[in-house]
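The structure appears below as structure tokens.
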Amino acid sequence: PGRHSTRAVKRTAADTTTSILQSVVEKGTATAARGAGRPAAGKTGTAEEDTAALFAGYTPDLATVVSVMGQDPKTAKHVPLYGALGVARMNGGGPPTEIWSQYVKQALKGKKA
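The sequence shown: position 49 = 53 (the working numbering), numbered continuously.
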């Protein structure tokens with residue numbers, strides 16, 4: 005069967021958004037994403053009281069999100085991630101972006117950048 009596509013946003017809006025999100029990787033809070041070794045764009049996020057942190061990123065070939073969340077196993081209540089993964093305070097530019105970078109590097113291994 006044929007494939008039908010519809011443009012959801014104007015090309016200029018998409019290009020502007022990508023440019024802004026590339027700056028997050030190049031000189032902002034997600035410089036760890038450069039470790040993927042490919043052009044990338046994305047956004048970090050950290051919840052109040054460090055109960056969750058994430059990085060949502062994309063390359064020309066792959067889009068994915070890494071989220072780290074603190075949760076009490078008995079009550080399921082959100083809890084701070086202080087000290088988790090060996091960092092004093094969790095933020096989206098730390099472990100989530102580092103994990104994203106490692107994942108993308110492996111997922112696209114052998115594919116030309």
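Positions of the beta carbon are idealized from the N, C-alpha and C atoms, including for glycine.
- Item | Own chain partners of D54 with C-beta closer than 7 Å, once the 5 adjacent residues on each side are dropped | For this step, residue 54 is matched to residue 50 along the sequence shown. Excluding sequence neighbours, D54 sits near P84, L85, Y86, R93 and M94.
- Item | Contacting residues, own chain, Cβ-Cβ under 6 Å from G39 (five flanking each side not counted) | Reading the sequence shown from its first residue, position 35 is the one you call residue 39. Only S105 meet the Cβ criterion.
- Do A36 and K47 have their C-beta atoms closer together than 8 Å? Start at 1 with the first residue of the sequence shown, and residue 36 comes out as number 32. Start at 1 with the first residue of the sequence shown, and residue 47 comes out as number 43. No, Cβ-Cβ distance for A36 and K47 is not below 8 Å.
- Item | V69 vs P99 beta-carbon contact at 8 Å | The residue labelled residue 69 in the question sits at position 65 within the sequence shown. The residue labelled residue 99 in the question sits at position 95 within the sequence shown. Against a cut-off of 8 Å, the Cβ pair of P99 and V69 comes out as no contact.
- What does a CB cutoff of less than 7 Å around T22 pick up in its chain, not counting 5 residues either side in sequence? In the sequence shown, residue 22 corresponds to position 18, counting from 1. Within the same chain, T22 has close Cβ partners A45.
- Are the Cβ atoms of A57 and G32 separated by less than 8 Å? Locating residue 57 in the sequence shown gives position 53, where the first residue counts as 1. Locating residue 32 in the sequence shown gives position 28, where the first residue counts as 1. No; because the gap between Cβ atoms is not below 8 Å, this pair is not in contact.
- So what does V70 bridge to, in DSSP terms? Mapped onto the sequence shown, residue 70 falls at position 66. For V70, which the question treats as bridged, DSSP gives the partners F59.
- Query: From G74 to G6, what distance separates their C-alpha atoms?
  - Reply: Within the sequence shown, the letter at position 70 stands for residue 74. Within the sequence shown, the letter at position 2 stands for residue 6. Cα to Cα, G74 sits roughly 44 Å from G6.
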